Structures are given as C-alpha cells and as structure tokens.
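Written below as structure tokens is the structure these notes are about.
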Amino acid sequence: MGNNIQKQLHGSHALRCLTTALLTLACVFAPYMLVHCFAAVPTREDRTVFAEMASLYNQDDLDKDELLEERAQDRESVTAKKIKSHMLAKQLIARASAAEKDVTADMQSLEDAASRLAGLDCRLKSEDSLARKIESDAAGKSLGYEEAASGVSDVLRYTLIASSGQYNEQVRTALQKLVATGYRVVKFRNAWGGKFYQGINVQLVSPAGVPVELQLHTPQSFSIKQASHGVYEIRRDPQSTPEEVQRATRLSLAYNAQVRKPLGAELIDWPLAS
Numbered sequence: 082m083g084n085n086i087q088k089q090l091h092g093s094h095a096l097r098c099l100t101t102a103l104l105t106l107a108c109v110f111a112p113y114m115l116v117h118c119f120a121a122v123p124t125r126e127d128r129t130v131f132a133e134m135a136s137l138y139n140q141d142d143l144d145k146d147e148l149l150e151e152r153a154q155d156r157e158s159v160t161a162k163k164i165k166s167h168m169l170a171k172q173l174i175a176r177a178s179a180a181e182k183d184v185t186a187d188m189q190s191l192e193d194a195a196s197r198l199a200g201l202d203c204r205l206k207s208e209d210s211l212a213r214k215i216e217s218d219a220a221g222k223s224l225g226y227e228e229a230a231s232g233v234s235d236v237l238r239y240t241l242i243a244s245s246g247q248y249n250e251q252v253r254t255a256l257q258k259l260v261a262t263g264y265r266v267v268k269f270r271n272a273w274g275g276k277f278y279q280g281i282n283v284q285l286v287s288p289a290g291v292p293v294e295l296q297l298h299t300p301q302s303f304s305i306k307q308a309s310h311g312v313y314e315i316r317r318d319p320q321s322t323p324e325e326v327q328r329a330t331r332l333s334l335a336y337n338a339q340v341r342k343p344l345g346a347e348l349i350d351w352p353l354a355s
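For the sequence shown, the working numbering gives the first residue as 82, with consecutive numbering after it.
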C-alpha cells in the first residue's frame, strides 16, 4: 500500500512538472504568435475594405478642401468685383466732374420766374451709388462691368421744377434752349399717368460728349417723388424680402395716386437725335 501511494505522488509530481513546462513555453512563444498573427499579410477582402476606408477618409478631406477653396474664391470674386465697380465709378465721376461747371451753368440758364432748379447739391452722383448701379445693372442685364458703366446716364443729373399751369410750355422751352446750345436728346421718357412715377425724364449728351439727365417736375410731383424715394429703394433692392417689396409697392402706388397731372402733360413728346 505504501508503494502505491509513493507511485501516485511520483506520477502527480511528473504531471505538475509537465504542466509547468508547457505553460512556460506558452508564455515564451505567445507574444511571437500574436505579432505574427497581426503582421500577417491581409487577404484580398481585407485590402479592399482598407482601400475603401482610406478613399472615404481622403474624399472627406478633399471635399472640405474644395469647399474652403470655393468659398475663398467667392470672397475674392466679390472683392474683385467691388474694386472694379468702384474703379469704373471713379472714372465716370472724373469725366463728369470735368464737364460739370459748364453743364451746371447751362442748366441754371433755364431758370426763370416760372421754373427753378432743385437738388443742385446732388447733381453729381456719389461713387458708392454709382458702383452699386454698375453692379446691379451688370447682374440684372447680364452685362460686363465696362458695358454696364458705359450705359450709366445720370452721373450728372438735374431737376427742373415748373409751375403746374405753365409746365407744358416750360418743358418745351427748356429743351429748345439746351438743343440750341449744342445738347442732344437721346432719350425722352414721359411718365405722366404712370403708376410708380410721375414726371418727364430726359437723357441728353452735352456739347463735350458727357451724358446728362434732366428731370422735369411740378412742385407737387417732385415733393411726392422725394417722399416716396425710400420705398423706391426697397423695391429695387435685391436684398428686400417679398413681404417688404409688397409693402413698398403698395406705398408707392398710394404716393403716386396723389399726384395731380398738369392738363395735357401726358401728350408732351420730343424728337430724338439721330
């Protein structure tokens, strides 16, 4: 019996030694096996997945870069357009300023007991206003900035107010004087009876070749035009909301409905220069 116990103990000791040896070998080779496993060459499926993930990652970065670049180009484009419109506005003002003294003297010669000039301090349009007009005309009419600038006719603008009773006669007399002095009438717009504006606008070219605008009003039509200028700006501003435009339109109609038209004023006409 004693020999059996000794054999069992001896067998148990041998088993423990073998187990210990196997665990030791596992601890030694396990790191190597793990590294080898993770460093193994990926399968074709693995490579496809990795490529797609990398492509998506790179595409996201590319999209962001392109968006940032587009925004930067848009800002540069807006800035470049602003610079160009102001440069062209300066050129228009310089040309008009050179002729302003003579043109103003010719316009003042139209004044008499029945008519007078109004708004003479604003006869030369401001650079900011001109630049906005160039930008607006270029966008609205699909024109280049140079072409839009060449079409501006009111860098120099004047307003002659004639009494209602003598309005028709004063309009004809004023234009006869200007034509006799060397001005050419290139556009004649009779807006009497219109919904949003009442009066006559004439585009002329001075003897020096400078565009000039002359508006002809009665005292009342001029007052209402001035009073409604704010709603006019809202109507023409592309930033105005539809609700603001609708309200401004209603107010413009209400303003101009109050204008009393001189008898026969809507029949006034003038031949254009050939």
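Heads up, the beta-carbon is just placed ideally off N, CA and C, and yes, glycines get one too. Keep in mind it's a predicted model, so treat the numbers as computed, not measured.
For the pair S234 and E294, the CB atoms are nearer than the 8 Å cut-off. When the five nearest sequence neighbours on each side are left out, the beta carbons in the same chain lying within less than 7 Å of the beta carbon of R265 are those of L285, V286, A354, in order along the chain. In this structure, DSSP gives Q320 a state outside helix and strand, which the three-state scheme calls coil.
As computed with DSSP, S196 is found in a beta bridge with D193, A243. In chain order, L173, A177, K206 place their CB closer than 6 Å to the CB of V236, counting only its own chain and leaving out the 5 sequence neighbours on each side. A distance below 7 Å between beta-carbons, with the five flanking residues on each side excluded, links A230 to the following residues of its chain, in chain order: L169, L173, I215.
With at least 16 other beta carbons inside 10 angstroms of its own, D187 counts as buried. Residue environment analysis places S196 among the buried positions, since at least 16 neighbouring C-beta atoms fall within 10 angstroms of its C-beta. Between the alpha carbons of F303 and A261 lies a gap of roughly 27 Å.
In the three-state reduction of the DSSP assignment, L173 falls in the helix class, which pools H, G and I.
Residue state for I305 is assigned as helix, using DSSP reduced to three classes. Taken atom to atom, the span from the alpha-carbon of T322 to that of G246 is near 41 Å.
Within its own chain, the residues whose Cβ lies closer than 7 Å to the Cβ of P343, once the five positions on either side in sequence are excluded, are S245, Y248, N249, T299, listed in chain order. Using a 10 angstroms sphere on the CB of A212, the tally of other CB atoms reaches 16 or more, which defines it as buried. Put simply, of V291, L297, G274 the residue whose alpha carbon is nearest the alpha carbon of V283 is L297.
Counted as a single uninterrupted DSSP element, the alpha helix (DSSP H) harbouring V252 occupies residues 248-262. Rounded to whole angstroms, the Cβ separation of V340 and Q257 is 26 Å, and the two are not in contact under 8 Å.
DSSP lists V286 as the beta-bridge partner residues of P292. For A219, same chain residues with a beta-carbon under 6 Å away, outside a window of 5 residues either side, are Y226, A229 in chain order. With fewer than 16 other Cβ atoms inside 10 Å of its own Cβ, R253 counts as exposed. Collapsing the DSSP output to three states places I315 in a helix. Around the beta carbon of I164, fewer than 16 other beta carbons sit within 10 angstroms, so the residue counts as exposed. Annotation for R270: no alpha helix (DSSP H) segment contains it, though the beta strand (DSSP E) segment containing it runs 265-271. Shown here for Q251: same chain residues with a beta carbon closer than 7 Å to its own, the five before and five after excluded, namely A195, S196, A243 in chain order.
Secondary structure of R204 (DSSP, three-state): coil.
Beta-bridge partners of H167 (DSSP): none assigned. Of all alpha-carbon atoms in R317, P288, R316, G311, the one lying nearest the alpha-carbon of E181 is that of P288. Under the three-state reduction of DSSP, L353 is assigned to coil, being neither helix nor strand.
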